[in-house]
Amino acid sequence: MIINMKPKVMSILNSIEELKLSSTTYPDEWSKFPMAVYSTVHEPYFVNAEQHEGQTKWQITVELYSDTGSLTLITEKLRTAFAGLGFFGTTTDANTAGLKRVVCRFSAVVDNDTFHVYQK
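In our numbering, the protein residues as written are 32 to 151.
If you want it as structure tokens, here you go:
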């Protein structure tokens, strides 16, 4: 059984007081800012002869949106939280029409047996 990082991502997002909305889907109404929309991708990294997935490679993407103001404080809180778990992160400014947007990507290999986290 693999370790599911999705609840941990939501826990991190919920711990950031500045965020007014955190979700896995884009909202119908863009009225609560700043907000975060996240997605995850995982794939087997090491599978033994008995087909036990010992390690899983995780990639987590968090898109931050704001209608006004900087996203730097939230970005740094995210980077610090994921670094504390052992994840490596990058951030990219990707403003869209009328909104400030920062895309944060975090990745690591999670050992499902020892609970250790390795950067790829």
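We put the CB at the ideal spot given by N, CA and C, even for glycine.
Of all the options the options, which has the alpha carbon lying nearest to the alpha carbon of residue i?
i       : options                          : result
Leu-50  : Thr-106, Thr-56, Thr-71          : Thr-106
Phe-146 : Leu-102, Glu-94, Glu-84, Leu-52  : Glu-84
Val-19  : Val-68, Trp-89, Thr-111, Asp-59  : Outside the displayed span of the chain (32 to 151) sits residue 19, for which this structure offers no information.
Ser-97  : Val-141, Pro-75, Leu-52, Thr-111 : Leu-52
So for residue i, helix, strand or coil by DSSP?
i       : result
Leu-50  : coil
Lys-63  : coil
Ser-42  : helix
Leu-104 : helix
Gly-129 : coil
Gly-120 : strand
For residue i, list the residues DSSP reports as bridge partners.
i       : result
His-73  : Trp-89
Arg-110 : Answer is none; Arg-110 lacks a bridge partner.
I'd like the list of long-range same chain contacts for residue i, defined as Cβ closer than 7 Å, with 5 residues on each side in sequence excluded.
i       : result
Thr-121 : Arg-136
Please work out which residues of its chain come closer than 6 Å, Cβ to Cβ, to residue i, disregarding the five sequence neighbours upstream and downstream, and give them in chain order.
i       : result
Gln-150 : Phe-119, Ala-139
Give every residue of the same chain whose Cβ lies closer than 8 Å to the Cβ of residue i, excluding the five residues on either side of it in the sequence, and list them in chain order.
i      : result
Lys-39 : Leu-116
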